[in-house]
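The structure appears below as structure tokens.
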Amino acid sequence: MLLVCSARCGGRLFRALFAEVEVDAAGVYQDHRVTQASYVCLNCGAPALDLAAVPADLEAQAQEDESSAPAITDVLCPVCETMVQLDENMECPNCGSPLEIS
Ligand SMILES: [Zn+2]
Ligand SMILES: [Zn+2]
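The numbering of the sequence shown is this note's numbering, which starts it at 840 and goes up by one.
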């Protein structure tokens, strides 16, 4: 685990929010149970992130991007001779002419 403040305030102290403490009628500690793992920055109050858990998420995201990214092609507009990067939008952003990927 490597906690950092999500607001990047540089705070180094965090408060764990994941435990619910059970007390008896006199307020004496009886037990606690873990609910969900979450932490807040003690310096600014922003939620803290666990950097140790992030790389896996980023990797999954990168793979997703790769598979869903549209193919981008450079085309020279025959009307105004602007070099246009085409993805799904098949017209020249400069003059509005319809373009074809050759
Ligand atoms: Zn902070
Ligand atoms: Zn054009």
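Positions of the beta carbon are idealized from the N, C-alpha and C atoms, including for glycine.
Here Ala-855 is exposed: its Cβ has fewer than 16 other Cβ atoms, across all protein chains shown, within 10 Å.
Assigned with DSSP and collapsed to three states, Ala-901 falls in helix. Remark: the shortest separation between the CB of Asn-882 and any heavy atom of ligand 1 falls under 8 Å.
Relative to the Cα of Leu-881, the nearest Cα in the group Gly-935, Leu-842 and Cys-916 belongs to Leu-842. The set of residues with a C-beta under 6 Å from any non-hydrogen atom of ligand 2 comprises Cys-916, Val-918, Cys-919, Thr-921, Cys-931, Asn-933, Cys-934 and Ser-936, given in chain order. Non-local C-beta neighbours of Gly-849 in its own chain, meaning closer than 8 Å and more than five positions away in sequence, comprise Asn-882, ordered along the chain.
Beta-bridge partners of Thr-921 (DSSP): none assigned.
Scanning Ala-899, Ala-901, Glu-930 and Gln-900 for the CA closest to the CA of Asp-913 turns up Glu-930.
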